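Going letter by letter, the sequence shown gives residues 25 to 156 in the numbering used here.
A quick write-up on the structure given underneath.
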Amino acid sequence: MINKDEMMNPILEVCPSFRAEWDAFVDEWKNEKDGLPIYLALSDLARHLISMLQAGETEAFPQIFEIVERWHTEGDGYVREAATVGLLEDLQNTNLHEKTNPEQIRCYLGTESLKWWDKLYGFWERGEMLRP
Numbered sequence: 025m026i027n028k029d030e031m032m033n034p035i036l037e038v039c040p041s042f043r044a045e046w047d048a049f050v051d052e053w054k055n056e057k058d059g060l061p062i063y064l065a066l067s068d069l070a071r072h073l074i075s076m077l078q079a080g081e082t083e084a085f086p087q088i089f090e091i092v093e094r095w096h097t098e099g100d101g102y103v104r105e106a107a108t109v110g111l112l113e114d115l116q117n118t119n120l121h122e123k124t125n126p127e128q129i130r131c132y133l134g135t136e137s138l139k140w141w142d143k144l145y146g147f148w149e150r151g152e153m154l155r156p
């Protein structure tokens, strides 16, 4: 079972370009008594991935989104929810896309991640509940 404390390690291995942002994030939040606010780091990751998409630097996307799929299938409750609400939801945020479109991400999503991607659309467009 993947937990909050270990979920970012595999991303840093396959997406080393995110390392500087992650290190700055950890430094900024190192004294947080409740641990790192991973949701904020996932927002940073979403913006990073969108900038990679815009630059056409998607060669690591299959490995990155395989990890996101593992968060959905092997993560504890926190990790599964963070993968959806912390990362996928930000990737769908059209305000973060200038020259890209959220749907450009769809082709990289695994089965479980895609299910939650579509559930997020259902939540925002039709008010449907986000339930397993």
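All C-beta atoms in this analysis are idealised placements derived from N, C-alpha and C, irrespective of residue type, glycine included.
Only a predicted model underlies this, so the values are computations on that prediction, with no experimental measurement involved.
Excluding sequence positions up to five away, which residues of its chain have a Cβ less than 7 Å from the Cβ of residue i?
| i | result |
| --- | --- |
| ILE91 | PRO34, ILE35, VAL38 |
| ASP68 | GLU45, PHE49 |
| HIS96 | ARG104, ALA107, GLU136, SER137, TRP140 |
| ALA84 | VAL38, CYS39 |
| THR82 | MET76 |
When the Cα of residue i is compared with those of the options, which residue comes out closest?
| i | options | result |
| --- | --- | --- |
| PRO86 | SER137, ASP29, MET153 | SER137 |
| TRP46 | LYS57, GLU98, ASN55, ILE62 | ILE62 |
| CYS131 | TRP141, GLU122, LYS123 | TRP141 |
| VAL109 | ALA44, ARG43, LEU144 | LEU144 |
| ASP29 | LEU120, VAL50, ARG71 | VAL50 |
If you run the structure through DSSP and keep just helix, strand and coil, what is residue i?
| i | result |
| --- | --- |
| GLY110 | helix |
| ILE129 | coil |
| GLY146 | helix |
| ALA84 | coil |
| MET153 | coil |
| LYS139 | helix |
Per DSSP, which residues does residue i bridge with? Please list them.
| i | result |
| --- | --- |
| GLY99 | ILE26 |
Using a Cβ-Cβ cut-off of 6 Å (strictly less than) and excluding sequence neighbours within five positions of residue i, which residues of its own chain qualify?
| i | result |
| --- | --- |
| GLN78 | LYS123, THR124 |
State buried or exposed for residue i, treating a residue as buried only when at least 16 other CB atoms are found within 10 Å of its CB.
| i | result |
| --- | --- |
| ASP58 | exposed |
| MET153 | exposed |
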